[in-house]
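Single-structure report; data block below.
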Amino acid sequence: MNLVPLKEDGIPAESFLFKHGTTVSEGEQVVWNALREGNRKALDYIFEKYVKLLYAYGGKITKDQGIVEDAIQDLFVELWQKHAVLGATDNIKFYLLKSLRRRITRRIAVDQRKLGDHALQEDYFREVESSRESTIIQQQTTVAQQEQLTRGIAELSDRQREAIYLKFYEKMSYEQLAEVLDISLTSTYKLIGKAVDALRKSVRIIS
1 MNLVPLKEDG IPAESFLFKH GTTVSEGEQV VWNALREGNR KALDYIFEKY VKLLYAYGGK
61 ITKDQGIVED AIQDLFVELW QKHAVLGATD NIKFYLLKSL RRRITRRIAV DQRKLGDHAL
121 QEDYFREVES SRESTIIQQQ TTVAQQEQLT RGIAELSDRQ REAIYLKFYE KMSYEQLAEV
181 LDISLTSTYK LIGKAVDALR KSVRIIS
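The sequence shown: position 119 = 119 (UniProt numbering), numbered continuously.
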């Protein structure tokens, strides 16, 4: 999708869009409201700021880059086509991640039905303490530990990998994570717990 940030009288789009905002939340509202009002620079800015994140996140859901690319393109096309009826938000990243996930999982479900598989596989998880979860992710600071962590994450299920990415790398709260993944809060704790338990077994934690 060839969206390029526009400029007005030599002023970068982001400077124009953020001139009224003083905080991150306010700035997000300014950009989003500008998009809702039909400001193309707002769409360009959102695309340039979040497209790499969306590709990275999409890759946690499916290894099919074609699906990811199509979903991202469709997402931004729809944002522009339906800008006048978009709801308000002060967290654009959260909105985009949730929307992208919905599109990708819908596409996967359609593809699976075509193959005769009528449901996405569900994972069932065991809850562990939140403080221990944070420790496991945050303590991996040496090169060797980072390599162990990378291998451990690669061995997780797609669902677990996605949850770990959102929780510890995108810093989502459990409430936000539950909404994005479209599962209950209890299931979210169990999902993260199971993933971290698996990492604990594959990653050597140095106390």
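Virtual Cβ for every residue (Gly too), placed ideally from N, Cα, C.
None of the values given here were measured: they were computed from a predicted structure.
query, result
"For residue 88, three-class secondary structure by DSSP", "coil"
"Residue 182: first and last residue of the uninterrupted alpha helix (DSSP H) it sits in", "No alpha helix (DSSP H) holds residue 182; DSSP gives it neither H nor E."
"Three-state class that DSSP yields for residue 98 in the structure shown", "helix"
"Inter-residue Cα distance where the pair is residue 174 and residue 37", "32 Å"
"Proximal residues to residue 98 (C-beta, below 6 Å), its chain only, five neighbours per side dropped", "180"
"Residue 158 versus residue 77: straight-line alpha-carbon distance, rounded", "27 Å"
"Any chain D beta carbon closer than 8 Å to residue 164", "In summary, chain D is missing from the structure at hand, where a single protein chain is found."
"Whole-number beta carbon distance between residue 72 and residue 100, since they are thought to touch under 8 Å", "7 Å"
"8 Å contact criterion, which residue 75 and residue 35 should meet: CB distance rounded", "The pair is not a contact, with the Cβ atoms about 13 Å apart (cut-off 8 Å)."
"Span separating the alpha-carbon of residue 10 from that of residue 96", "Model confidence at residue 10 stands at a pLDDT of 38, short of 50, so the residue's coordinates are unreliable; what they give is reported in the following sentence. Distance between the alpha carbons of residue 10 and residue 96: 29 Å."
"Beta-carbon proximity of residue 185 to residue 163, cut-off 8 Å", "no"
"Alpha-carbon spacing of residue 192 relative to residue 172, whole angstroms", "12 Å"
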